[in-house]
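A.B. asks: When you number the sequence shown by numbering that gives the first Met the number 0, it's gap-free, plus one each residue, and the end is 404. By construction, the Cβ of each residue, glycine as well, lies at the ideal position given by its N, Cα and C atoms. What follows is a single structure, and I will ask about it in a moment.
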Amino acid sequence: MADLRLTDVAKSYGDVNVLREIDLTIRSGEFIVFVGPSGCGKSTLLRMIAGLEQITGGTLEIDGRVMNDIPPSQRGIAMVFQSYALYPHMTVRDNMAFALKIAGQSKDQIREATDRAGRMLQLTPYLDRLPKALSGGQRQRVAIGRAIVRDPKVYLFDEPLSNLDAALRVATRIEIAQLKASMPDRTMIYVTHDQTEAMTLADRIVVLAGGGIAQVGAPLELYQRPVNEFVAQFIGSPAMNLLPGRVIATGPMTTVALDGGLQAQVTVPTRVGDEGMEVNLGVRPEDMRDTDGAAVFEGTVDLTEALGEVTLLYFGTNAETVPIITKLPGIRSGLNGRRVRLTADPHAMHLFHEGQSLLYRDGPPPPFEMRAAAPSGSPGSTPAKPHDDQGRIDDGLIKPEGPVR
Ligand SMILES: Nc1ncnc2c1ncn2[C@@H]1O[C@H](COP(=O)(O)OP(=O)(O)O)[C@@H](O)[C@H]1O
Ligand SMILES: [Mg+2]
């Protein structure tokens with residue numbers, strides 16, 4: 000058991016308010032990821048939970064007990080940092096054993112704990128080596144091992160993979176996911192600025208911005224139902240496109256006249272009286288596909304980037320229009336300088352008014368249900384809805400694959 004509850008938590012350094020009104024309940028066994036722009040207070044929040052930083056407002060409870068003034072060593076928490084900070088003159092085993100020795104554990108207890116951590120982290124062959132004889136990934140595993148030997152109820156990770164190269168990051172990320180799976184009742188809070196880590200590791204993601212929490216939710220909930228433009232553009236890469244326009248027809252389905260003269264129909268409800276409302280239509284690059292029919296965007300391709308599995312098309316990079324990015328599956332060549340008409344599924348578009356999603360205007364929308372991706376349903380997902388709500392036929396010049404049926 001290790002439930003954490005933060006109530007109205009705030010942090011200021013003198014006159015500088017770094018965090019305010021942080022309300023968050025973390026359930027025992029959850030994997031929580033904090034994301035947000037650099038300097039938004041992710042490390043500060045983690046360090047306050049660890050007890051390394053004084054909480055200047057509000058309360059932190061662990062399992063119902065207020066922890067604000069409890070020293071770090073008595074919180075049942077272990078923290079893993081970006082810099083592994085291993086003792087260079089100590090072996091892997093001694094590095095992991097250090098805190099246990101300080102705590103006065105017996106030789107047998109220490110051996111058992113370090114053996115176990117070594118097995119869990121595939122470090123058994125390296126227990127007698129010095130850190131300098133290890134790769135970066137192995138060193139970070141030793142740093143995680145130092146946390147594991149203490150068998151904490153709560154693990155805190157502050158960008159633990161940032162110092163690793165790309166391939167090692169992926170491998171170590173998967174190891175962390177497996178580690179979590181091997182201890183389902185342990186709570187983990189993980190800070191990262193890496194989208195993939197956040198999306199793949201988290202049960203729930205906490206998006207921090209402007210000193211507060213912008214949104215908390217399952218990764219795909221944030222992806223599919225962002226509460227505001229900030230979250231919409233922070234989650235997903237390249238960022239969601241925002242096309243300015245105004246509402247011209249309301250109802251369960253809203254029609255938007257875009258500034259460029261085109262129209263879009265979106266399955267976000269609006270009500271009588273919303274006609275004329277200024278909105279931004281949100282469309283993810285990967286949700287766009289080309290069409291000969293009704294387009295929500297039309298433009299000349301300025302630049303293409305072929306990444307192999309996808310091709311990115313850039314429009315308006317010379318600031319004639321709002322810059323738009325589209326991500327089309329596969330390799331597409333010869334599109335530079337071509338005129339392209341693009342559309343998206345009405346279910347895959349978002350509406351924002353003054354930065355806030357209209358979906359949340361009357362409070363939280365109905366419980367989140369995952370929507371399968373439009374172009375190709377991934378294995379195990381339900382096939383995407385056919386794109387025939389408007390009788391529109393997908394007959395574009397660049398044909399994406401249809402839904403897997
Ligand atoms: N000891 C300190 N004194 C004053 N300001 C600090 C101190 N530590 C952090 N800050 C400020 O708090 C903000 C949040 O920092 P941090 O939590 O490290 O951000 P993040 O981890 O999200 O990049 C930053 O603007 C930083 O300058
Ligand atoms: Mg930080």
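If I follow the unbroken beta strand (DSSP E) through residue 311, where does it start and stop?
C.D. replies: Against the sequence shown, residue 311 aligns to sequence position 312. Per DSSP, residue 311 belongs to the beta strand (DSSP E) from 309-314.
A.B. asks: Where does the unbroken beta strand (DSSP E) through residue 224 begin, and where does it stop?
C.D. replies: Counted from its first residue, the sequence shown places residue 224 at position 225. Unbroken run through residue 224: none, as it is neither H nor E.
A.B. asks: What are the boundary residues of the alpha helix (DSSP H) that residue 167 is part of?
C.D. replies: Locating residue 167 in the sequence shown gives position 168, where the first residue counts as 1. Residues 165-181.
A.B. asks: Which first and last residues belong to the beta strand (DSSP E) in which residue 187 is found?
C.D. replies: Sequence index remark: in the sequence shown, residue 187 carries index 188 (1-based). 186-190 is the span of the beta strand (DSSP E), which, as asked, contains residue 187.
A.B. asks: Which residue from 160, 328, 247 puts its Cα closest to that of residue 260?
C.D. replies: Along the sequence shown, one-based indexing puts residue 260 at 261. The option with the nearest alpha carbon to residue 260 is 247.
A.B. asks: Is the separation between the beta-carbon of residue 413 and that of residue 189 shorter than 8 Å?
C.D. replies: For residue 413 there is no data in the structure shown, the boundaries of the chain being 0 and 404.
A.B. asks: Any heavy atom of ligand 2 inside 7 Å of the beta-carbon of residue 158?
C.D. replies: Counting from one through the sequence shown, the residue named residue 158 turns up at place 159. It does: the Cβ of residue 158 is within 7 Å (strictly closer) of some heavy atom of ligand 2.
A.B. asks: Evaluate contact between the region 198-215 and the region 280-287, counting only Cβ atoms and requiring at least three cross-stretch pairs below 8 Å.
C.D. replies: no
A.B. asks: From the DSSP output, which residues share a beta bridge with residue 269?
C.D. replies: As a working mapping, residue 269 is identified with position 270 in the sequence shown. Residue 269 pairs with 250.
A.B. asks: Quick check on residue 365: does DSSP put it in helix, strand or coil?
C.D. replies: Taking the sequence shown and counting its residues from 1, one reaches residue 365 at position 366. Of the three classes helix, strand and coil, the one that applies to residue 365 here is coil, per DSSP.
A.B. asks: Go to residue 4, then tell me how far its beta strand (DSSP E) extends in each direction, as first and last residue.
C.D. replies: Stepping through the sequence shown from its first residue, residue 4 is reached at position 5. Counting along the chain, residue 4 sits inside the beta strand (DSSP E) bounded by residues 3-12.
A.B. asks: Which residue marks the beginning of the alpha helix (DSSP H) containing residue 136, and which one marks its end?
C.D. replies: Taking the sequence shown and counting its residues from 1, the one referred to as residue 136 is at position 137. Bounds of the alpha helix (DSSP H) holding residue 136 are 135-147.
A.B. asks: Where in the region 21-84 do unbroken runs of the beta strand (DSSP E), each at least 3 residues long, occur, reported from the N-terminal end onward?
C.D. replies: Complete beta strand (DSSP E) runs here, min 3: 30-34, 56-61, 76-79.
A.B. asks: Let me check you understand the geometry: is the CB of residue 79 closer than 7 Å to at least one non-hydrogen atom of ligand 1?
C.D. replies: Here the question's residue 79 lines up with position 80 in the sequence shown. It does not: the Cβ of residue 79 is nowhere closer than 7 Å to a heavy atom of ligand 1.
A.B. asks: Per DSSP, which residues does residue 243 bridge with? Please list them.
C.D. replies: Numbered from 1 along the sequence shown, position 244 holds the residue referred to as residue 243. Its beta-bridge partners are 279.
A.B. asks: Starting from residue 297, follow its DSSP beta bridges and name the residues at the other end.
C.D. replies: Working through the sequence shown from its first residue, we reach residue 297 at position 298. Within the DSSP secondary-structure output, residue 297 pairs in a beta bridge with 340.
A.B. asks: Using beta-carbon positions only, say whether residue 87 and residue 129 come within less than 8 Å of one another.
C.D. replies: Mapped onto the sequence shown, residue 87 falls at position 88. Mapped onto the sequence shown, residue 129 falls at position 130. Yes, the pair counts as a contact, with Cβ atoms nearer than the cut-off.
A.B. asks: When DSSP builds the beta bridges, which residues end up paired with residue 326?
C.D. replies: As a position in the sequence shown, residue 326 is number 327, starting the count at 1. Bridge partners of residue 326: 311.
A.B. asks: For residue 17, which residues from the same chain have a beta carbon less than 7 Å from its beta carbon, with the 5 sequence-adjacent residues on both sides left out?
C.D. replies: Counting from one through the sequence shown, the residue named residue 17 turns up at place 18. Same-chain partners within the cutoff: 10, 11, 40, 43, 210.
A.B. asks: Between the C-alpha atoms of residue 81 and residue 4, what's the straight-line distance to the nearest angstrom?
C.D. replies: Within the sequence shown, residue 81 is the residue found at index 82, counting from 1. Within the sequence shown, residue 4 is the residue found at index 5, counting from 1. Near 25 Å, if we compare the C-alpha coordinates of residue 4 and residue 81.
A.B. asks: Should the region 103-113 be regarded as contacting the region 154-168, the criterion being three or more beta carbon pairs within less than 8 Å?
C.D. replies: no
A.B. asks: If distances are taken between C-alpha atoms only, which option among 63, 45, 322 comes closest to residue 238?
C.D. replies: For the purposes of this step, residue 238 is taken as the residue at position 239 of the sequence shown. The candidate whose alpha carbon is nearest that of residue 238 is 322.
A.B. asks: Would you check whether ligand 2 has a heavy atom nearer than 7 Å to the C-beta of residue 17?
C.D. replies: By one-based count along the sequence shown, residue 17 stands at place 18. False, no ligand heavy atom lies under 7 Å from that Cβ.
A.B. asks: Would you call residue 365 buried or exposed, if buried means 16 or more other Cβ atoms sit within 10 Å of its Cβ?
C.D. replies: The sequence position of residue 365 within the sequence shown is 366, counting from 1. Residue 365 should be labelled exposed.
A.B. asks: What first and last residue would you give for the alpha helix (DSSP H) that runs through residue 113?
C.D. replies: Translated into the one-based positions of the sequence shown, residue 113 becomes position 114. Note, residue 113: alpha helix (DSSP H), 106-119.
A.B. asks: Taking only three categories from DSSP, how would you classify residue 353?
C.D. replies: As a working mapping, residue 353 is identified with position 354 in the sequence shown. In this structure, residue 353 counts as coil in the three-state DSSP scheme.
A.B. asks: Between which two residues does the beta strand (DSSP E) harbouring residue 204 extend?
C.D. replies: To locate residue 204, count along the sequence shown from 1; it is residue 205. Here the beta strand (DSSP E) through residue 204 covers 203-208.
A.B. asks: Could you compute how far the alpha carbon of residue 428 sits from the alpha carbon of residue 240?
C.D. replies: No answer is possible for residue 428: it lies beyond the span of the chain, which begins at 0 and ends at 404.
A.B. asks: Could you check if residue 77 is buried or exposed, using at least 16 other CB atoms within 10 Å of its CB as the buried criterion?
C.D. replies: Start at 1 with the first residue of the sequence shown, and residue 77 comes out as number 78. That one is buried.
A.B. asks: Is any heavy atom of ligand 1 found at a distance shorter than 7 Å from the C-beta of residue 266?
C.D. replies: The count along the sequence shown starts at 1 and reaches residue 266 at position 267. Outside the cutoff, so no.
A.B. asks: Mind checking whether residue 90 and residue 51 have CB atoms under 8 Å apart?
C.D. replies: Along the sequence shown, one-based indexing puts residue 90 at 91. Along the sequence shown, one-based indexing puts residue 51 at 52. Not closer than 8 Å, so no.
A.B. asks: With distance defined between alpha-carbon atoms, name the residue in 274, 225, 232, 146 nearest to residue 249.
C.D. replies: Taking the first residue of the sequence shown as 1, we reach residue 249 at position 250. Looking at the Cα atoms, 274 is the closest of the given residues.
A.B. asks: How far does the beta strand (DSSP E) with residue 287 in it reach, from first residue to last?
C.D. replies: Within the sequence shown, residue 287 is the residue found at index 288, counting from 1. Its beta strand (DSSP E) spans residues 287-289.
A.B. asks: Can you grab the Cα-Cα spacing for the pair residue 174 / residue 218, in whole Å?
C.D. replies: Start at 1 with the first residue of the sequence shown, and residue 174 comes out as number 175. Start at 1 with the first residue of the sequence shown, and residue 218 comes out as number 219. Taking the straight line from one Cα to the other gives about 19 Å.
A.B. asks: Can you tell which of 213, 181, 303 has its C-alpha closest to the C-alpha of residue 326?
C.D. replies: Counting from one through the sequence shown, the residue named residue 326 turns up at place 327. Comparing Cα-Cα distances from residue 326 to each of 213, 181, 303, the minimum goes to 303.
A.B. asks: Since residue 153 is in the beta strand (DSSP E), which residue starts that stretch and which ends it?
C.D. replies: For this step, residue 153 is matched to residue 154 along the sequence shown. Segment 153-157, the beta strand (DSSP E) holding residue 153.
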